[in-house]
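Note that this note's numbering has the sequence shown beginning at 2, numbered continuously upward.
Yeah, the Cβ is synthetic: ideal placement off N, Cα and C, and Gly gets one too.
For reference, the structure is listed below as structure tokens.
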Amino acid sequence: MSNFRLLITLFLILVPITVLACGGEDTFLNDSGEILNKNISGSLDYTNVNFLPEDAFGILLKALQNSRFKDEEFVFRKAEYVHSKLVYQFESKNYFEDVNAKYHFGPVNQNNHKIRIDVDAMTGNVYLASGCGGSPSQKVYTPTRFEKYIDFGDIYKKPFIQNNTGFIALPLKGQINIDGRLNEKAWENAMAQYFYTGKGKNRFYTEVKSYYDNTSLYFGVKTDSPYWLSLLFKEDPNMGMMWEYKDALLMKSDGSVTDAHFAQRKDESYFLKKDIKSRIENYSASQNGLYTYEFKIRLSPDDSDEDVSFAKNNDYSAVLMMGNTKKHYGLFTLDDAHKDHEHSKANKNHVNVQASSEEIFRIGGLPDKNLFGENIAVNANMLKTSFLSSYNPNKRYTQLSYTDTSKKFSAGITSFFIILMGSFIFLFFKKEKTGRSFFYEKILRSRYFHLIFTLPTVLIFLLIGFTGFFGEQLPRENLATIITWIIWWNLLVFSIILAGRLWCRICPFALFGDMIQKLHCFNKKLPKIFRNYYLQITLFVILTYIFVRFGIDKSPFYTAVLLLVFTVSAGLFSLMYKRRTFCRYVCPIGGALGIYSVISPVQIERESDSTCSSHNQKSCIPACRTFENPVKMQNSVYCDYCMKCFTACEKNNLQLSKKRFGVGSALKTTLSSSETVGSYLLFGVVLVQTLSMTSVKTTFEKFISSIIGSQWAFETFFFLTVLIPLLSALLIFGTISLFSRNTKSKKEILSKLSGESAIALIPISLGLHLSHNFSHLVEEIGLVVPGIITGLQKLGALSSLYADFNVTPAISSAASVFSLQSVFMAGFASVSIYVLKKRNLVNKSGRIFIAAGFILLSILLVYVLSLPMAGGHVH
């Protein structure tokens with residue numbers, strides 16, 4: 002045997018001849034050590050491994066020491082790079098009719114009556130070679146130390162347990178409070194399984210513990226990954242194909258846990274599909290240094306086609322999979338050796354999903370038989386000691402990188418206060434520059450404006466409609482969702498701080514309405530009851546509810562339907578009512594942009610008061626398409642910068658004035674009662690959108706469900722959150738006015754306080770909206786180019802280009818993103834305080850009270866932004 006070992010080592014080290022097979026580099030030898038393959042070039046690198054082939058053979062002998070195969074002769078078969086591992090594979094010389102090992106090669110399973118075993122050159126772990134092409138799958142042995150195994154006479158004393166597993170659900174003797182915090186005392190007696198996935202900067206650690214009782218399984222999961230992860234189970238540990246893992250528990254950092262199963266789309270791409278019936282009885286999640294999940298599932302399946310039937314004293318195969326996005330989208334791992342396979346081409350946009358090695362999960366007591374059915378005696382301490390020895394961070398390629406929430410929040414809040422004070426001082430002492438904005442005027446009044454801006458916008462929206470209705474219904478591969486939700490939706494919000502409601506000037510919906518009116522218009526007036534801001538803000542709340550509840554941003558078809566609804570609505574209102582009634586009183590997007598435009602940096606104003614006073618005709622008023630009075634206009638809430646009033650003014654007395662950046666017209670604006678209500682509801686909408694992507698939503702829904710049941714939990718959470726700012730203002734300011742000793746009427750005091758607060762709230766609303774969208778923009782902007790490439794490929798263009806969706810965020814550091822979000826919030830909070838100070842329309846104590854409330858609110862919003870946030874629009 003010693004001579005055989007030396008022969009193998011000699012050939013492997015001195016004659017490293019290789020061949021590619023199933024993603025690996027193989028050196029094939031026969032039983033005598035002769036090289037079987039010819040004319041092959043390449044080499045295997047042994048410089049960075051912990052175990053050489055001779056060490057691996059020693060580990061194999063020890064692994065088999067107490068098995069029925071301890072006297073069986075094993076020969077070296079190959080050394081292989083496969084699935085990011087260098088392994089040495091050994092094979093029994095003899096056949097065993099009672100051994101039926103299944104190996105798969107692509108979609109084909111093969112039976113083999115020889116025993117094939119792999120030894121990992123890095124960790125020394127021993128695996129059954131039943132993965133793709135005979136690669137490692139089920140781990141059967143873990144060495145207890147990392148010393149070299151040269152002395153074959155050193156007999157390994159511990160029994161050879163099935164998979165040597167520590168992943169055992171023991172009976173629950175106490176009680177588990179499912180709160181997502183993994184109470185140390187509650188879980189102290191649980192066995193554990195450690196998983197390592199990924200590599201380099203994206204190498205993550207996950208720990209899983211489990212209990213069981215008569216009806217349920219309990220899982221506690223702890224990880225340093227912010228991405229989706231899933232535990233997958235299968236009943237037959239001998240089957241290597243991924244679709245045998247029919248049961249999956251999908252976890253996301255927004256706090257959700259979903260019962261799912263392995264599935265395939267029509268385009269042959271793989272993903273985890275949500276079960277029709279969920280076996281999850283309760284779940285919760287938290288973040289305190291690590292992402293933690295607790296959940297409880299029923300042992301018995303709800304659907305045998307989608308669930309594994311768990312039972313006491315049974316063994317199951319388990320694997321941990323982890324994506325590289327927060328939102329689960331696809332399930333596939335791709336390397337160069339597989340890239341030309343048909344199933345690989347279908348899944349090329351879902352790669353970089355990391356998978357752990359296959360492990361054995363046992364429910365009940367400790368195993369009483371080894372891998373080969375022989376009786377053994379073990380105890381829990383023996384298993385724990387053996388298993389925990391494999392948890393050695395020093396042997397990892399990189400150290401664990403924990404996400405420390407407390408440090409992240411403290412850094413963000415420090416940035417917040419520094420910028421808050423700095424911005425306020427800057428605003429207070431920096432002299433405001435006013436005057437005419439010739440730059441904006443020149444652009445907006447250019448005869449080429451529509452050719453340069455409006456026409457391309459119309460063509461893009463036509464493309465969105467076409468691809469949404471007729472294109473591939475995958476959000477990351479369809480131009481409808483890519484352009485609408487990553488590009489347009491983000492540009493809308495960010496454009497406000499530069500040019501207010503400029504979007505309305507190039508809006509294709511409004512342009513369609515104008516074209517209808519050129520054909521015919523009944524020129525009716527909208528009923529007076531609707532000529533205010535209430536209809537717009539109500540529709541915006543409803544639109545947001547549909548958006549959040551039904552995930553329109555995830556569906557190209559419904560994205561196109563939404564744009565079609567806007568187009569048809571604009572056309573019908575333009576046919577029935579004069580001018581741009583739809584834009585002024587109906588359009589929810591224009592309504593939201595309008596409130597934000599209070600702080601627009603440009604505004605149409607009269608140049609000379611005396612010139613305007615002496616001119617009685619006021620031709621600019623009937624020229625305005627949105628029913629504004631340019632002479633008395635306080636802000637740009639309803640102005641769409643059409644510049645018709647400039648053309649109509651016979652005295653050429655209008656100008657586009659510059660306003661202080663971030664402050665705009667807020668110092669002189671008076672909001673109507675409907676606009677005041679709208680300001681509070683707009684903040685509520687932005688707040689509920691932000692909370693809906695964090696674990697706060699899950700916590701609120703559970704609390705609501707405990708009171709009224711789960712049927713309307715989301716609706717209650719949504720509309721209550723939207724109304725909270727308005728109700729809070731009415732409650733606080735109503736109480737103040739009730740007990741006020743001021744000579745003014747109670748109603749007047751309430752109106753004044755709520756109105757001033759509503760104006761000052763606008764910058765904070767915009768700050769939260771920008772911060773929220775910024776995090777998604779950073780994460781998603783890299784998907785634009787591959788998304789456009791794929792979308793155009795569906796139309797027959799750019800077929801030679803490869804669309805790589807495995808992009809890193811524009812800013813890879815989550816702490817950096819959060820710090821910038823804190824800066825946004827601080828900057829706009831300082832604007833709010835500055836506006837309160839300079840307007841000086843409530844007494845000093847009132848201003849201090851409102852300012853203190855806004856600072857506390859901003860700190861709370863900074864904390865919300867520090868929470869794990871789900872993927873954005875097209876993940």
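*Proximal residues to tyrosine 546 (C-beta, below 7 Å), its chain only, five neighbours per side dropped*: By 1-based counting over the sequence shown, the position of residue 546 is 545. Result list for tyrosine 546: Phe719, in chain order.
_Checking 8 Å against the spacing of the C-beta atoms, do leucine 250 and histidine 329 come in under that value?_
Position 249 of the sequence shown, counted from the start, is the residue given in the question as residue 250. Position 328 of the sequence shown, counted from the start, is the residue given in the question as residue 329. Not in contact: leucine 250 and histidine 329 (Cβ atoms no closer than 8 Å).
*Counted within 10 angstroms of its Cβ, other Cβ atoms place threonine 695 as buried (16 or more) or exposed*: Residue 695 sits at position 694 when you count from the first residue of the sequence shown. Sixteen is the threshold: when 16 or more other Cβ atoms of the shown chains lie within 10 Å of the Cβ of threonine 695, as they do, the residue is buried.
*For the segment 741-780, which segments carrying the beta strand (DSSP E) assignment without a break, of at least 3 residues, lie completely within its bounds, in sequence order?*
Whole beta strand (DSSP E) segments, 3+ residues: zero.
*3 or more residues per run - each beta strand (DSSP E) lying fully within the segment 534-614*: If we require 3 residues or more, the beta strand (DSSP E) runs fully inside the segment 534-614 come out as 603-607.
*asked:* If I follow the unbroken alpha helix (DSSP H) through tyrosine 676, where does it start and stop?
replied: What you label residue 676 is simply residue 675 of the sequence shown in a count that begins at 1. In the sequence as presented, tyrosine is not what sits at residue 676; that position holds glutamate. According to the DSSP assignment, glutamate 676 belongs to the alpha helix (DSSP H) that extends over 674-692.
*On a CA-only basis, which of Val354, Tyr197, Tyr219 and Pro227 is nearest serine 270? Give me that one, please.*
Position 269 of the sequence shown, counted from the first residue, corresponds to residue 270. Closest in alpha carbon position to serine 270, among Val354, Tyr197, Tyr219 and Pro227, is Val354.
*Just curious, the alpha helix (DSSP H) that lysine 275 is in, first and last residue?*
In the sequence shown, residue 275 corresponds to position 274, counting from 1. Run containing lysine 275: none in the alpha helix (DSSP H); it sits in the beta strand (DSSP E), 271-275.
*asked:* Rounded to whole angstroms, what is the Cα-Cα separation between tyrosine 681 and serine 285?
replied: Residue mapping note: residue 681 aligns to position 680 of the sequence shown, counting from 1. Residue mapping note: residue 285 aligns to position 284 of the sequence shown, counting from 1. Looking at the two C-alpha atoms, the distance is approximately 31 Å.
*First through last residue of the alpha helix (DSSP H) which encompasses methionine 826*: Position 825 of the sequence shown, counted from the first residue, corresponds to residue 826. 815-840 is the span of the alpha helix (DSSP H), which, as asked, contains methionine 826.
_Measuring alpha carbon to alpha carbon, tell me which residue in Leu499, Leu492 and Arg506 is nearest leucine 445._
Taking the sequence shown and counting its residues from 1, one reaches residue 445 at position 444. If we check each option's Cα against that of leucine 445, Arg506 comes out closest.
*Give me whichever residues DSSP pairs with proline 172 in a beta bridge.*
Along the sequence shown, read from residue 1 onward, the residue named residue 172 stands at position 171. Beta-bridge partners of proline 172 (DSSP): Tyr213.
*Using beta-carbon positions only, say whether phenylalanine 662 and proline 602 come within less than 8 Å of one another.*
For the purposes of this step, residue 662 is identified with residue 661 of the sequence shown, where counting begins at 1. For the purposes of this step, residue 602 is identified with residue 601 of the sequence shown, where counting begins at 1. Pairing phenylalanine 662 with proline 602 gives a Cβ-Cβ distance under 8 Å.
*Excluding the five sequence neighbours on either side, which residues of its own chain have a C-beta within less than 7 Å of the C-beta of lysine 669, listed in chain order?*
Within the sequence shown, numbered from 1, the residue matching residue 669 stands at position 668. If we look at lysine 669 and ignore the five residues flanking it on each side, its Cβ neighbours are Gln635.
*Status (buried if at least 16 other CB within 10 Å, exposed otherwise) for proline 557*: Walking along the sequence shown from the start, residue 557 turns up at place 556. It counts as buried.
*asked:* On the DSSP bridge list, what partners appear for asparagine 283?
replied: Taking the first residue of the sequence shown as 1, we reach residue 283 at position 282. Under the DSSP definition of a beta bridge, asparagine 283 partners with Lys297.
*Return helix, strand or coil for serine 846, following the three-state DSSP convention.*
As a position in the sequence shown, residue 846 is number 845, starting the count at 1. Taken through DSSP and simplified to helix, strand or coil, serine 846 comes out as helix.
*Count the C-beta pairs between the segment 839-852 and the segment 771-781 that are closer than 8 Å, then say yes if the count reaches three, no if not.*
Contact between the segment 839-852 and the segment 771-781 is absent, because fewer than three Cβ pairs lie under 8 Å.
*Could you say which of Asp56, Glu73, Lys71 and Ile705 lies nearest to valine 88 if we only look at CA atoms?*
Taking the first residue of the sequence shown as position 1, residue 88 is located at position 87. Here the closest residue by C-alpha is Asp56.
*Give, in chain order, every unbroken run of the beta strand (DSSP E) that is at least 3 residues long and sits entirely within the segment 455-500.*
At a cut-off of 3 residues, not a single continuous stretch assigned as beta strand (DSSP E) sits fully inside the segment 455-500.
_I need the boundaries of the beta strand (DSSP E) containing alanine 261, first residue and last residue._
Reading the sequence shown from its first residue, position 260 is the one you call residue 261. Where alanine 261 is concerned, the enclosing beta strand (DSSP E) stretches over 258-265.
_Tell me the rounded alpha-carbon separation between phenylalanine 70 and asparagine 51._
For the purposes of this step, residue 70 is taken as the residue at position 69 of the sequence shown. For the purposes of this step, residue 51 is taken as the residue at position 50 of the sequence shown. In a straight line, the C-alpha of phenylalanine 70 is about 26 Å away from that of asparagine 51.
*Secondary structure at aspartate 515, three-state DSSP: helix, strand or coil?*
Along the sequence shown, one-based indexing puts residue 515 at 514. When secondary structure is reduced to three states using DSSP, aspartate 515 falls in the helix class.
_DSSP three-state label for arginine 437, please._
Counted from its first residue, the sequence shown places residue 437 at position 436. It is a strand residue.
*valine 120 (DSSP reduced to helix, strand or coil)*: As a working mapping, residue 120 is identified with position 119 in the sequence shown. In the structure shown, valine 120 sits in a strand (DSSP, three-state: E or B).
*Run the CB neighbour count on phenylalanine 362, radius 10 Å, all protein chains shown included, and call it buried at 16 or more, exposed below.*
Position 361 of the sequence shown, counting from 1, holds the residue named residue 362. Phenylalanine 362 is buried by the Cβ-count criterion.
*How is glycine 792 classed by DSSP in three states: helix, strand or coil?*
For the purposes of this step, residue 792 is taken as residue 791 along the sequence shown, with counting starting at 1. Note: glycine 792 maps to helix in three-state DSSP.
_Suppose contacts are defined by Cβ-Cβ distances below 8 Å. Is glycine 523 in contact with leucine 573 by that definition?_
If you number the sequence shown from 1, residue 523 lands on position 522. If you number the sequence shown from 1, residue 573 lands on position 572. Just to set this straight, residue 523 is phenylalanine in the shown sequence, not glycine. Leucine 573 sits away from phenylalanine 523, with the two beta carbons spaced by 8 Å or more.
_For isoleucine 760, the nearest candidate out of Leu171, Phe855, Asp180 and Phe91 (CA to CA)_ = Translated into the one-based positions of the sequence shown, residue 760 becomes position 759. Distances from the alpha-carbon of isoleucine 760 to those of Leu171, Phe855, Asp180 and Phe91 put Phe855 closest.
*Can at least three beta-carbon pairs, one atom from the segment 535-546 and one from the segment 445-463, be found at a separation below 8 Å?*
Segments in contact, no.
_Would serine 598 and phenylalanine 684 qualify as a contact pair, given that the criterion is a beta-carbon distance under 8 Å?_
In the sequence shown, residue 598 corresponds to position 597, counting from 1. In the sequence shown, residue 684 corresponds to position 683, counting from 1. If you check the CB distance, serine 598 and phenylalanine 684 do not come in under 8 Å.
*Residue span of the beta strand (DSSP E) that contains phenylalanine 234, given as start and end*: As a first step, residue 234 is located in the sequence shown; it is residue number 233 there, counting from the start. Run containing phenylalanine 234: 230-235, per the beta strand (DSSP E) assignment.
_Continuous alpha helix (DSSP H) stretch holding serine 447: start and end_ = Taking the first residue of the sequence shown as position 1, residue 447 is located at position 446. That residue, serine 447, is in no alpha helix (DSSP H); it is neither H nor E in DSSP.
*State the DSSP-derived secondary structure class of aspartate 56, mapped to helix, strand or coil.*
Taking the first residue of the sequence shown as 1, we reach residue 56 at position 55. In this structure, DSSP gives aspartate 56 a helical state, which the three-state scheme calls helix.
*Take methionine 644 and list the residues in its own chain whose beta-carbon comes closer than 7 Å to its own, dropping the five residues that flank it on each side.*
If you number the sequence shown from 1, residue 644 lands on position 643. So the qualifying residues of the chain are Leu445 and Arg446.
*Terminal residues of the continuous beta strand (DSSP E) containing glutamate 92?*
As a position in the sequence shown, residue 92 is number 91, starting the count at 1. 86-93 is the extent of the beta strand (DSSP E) around glutamate 92.
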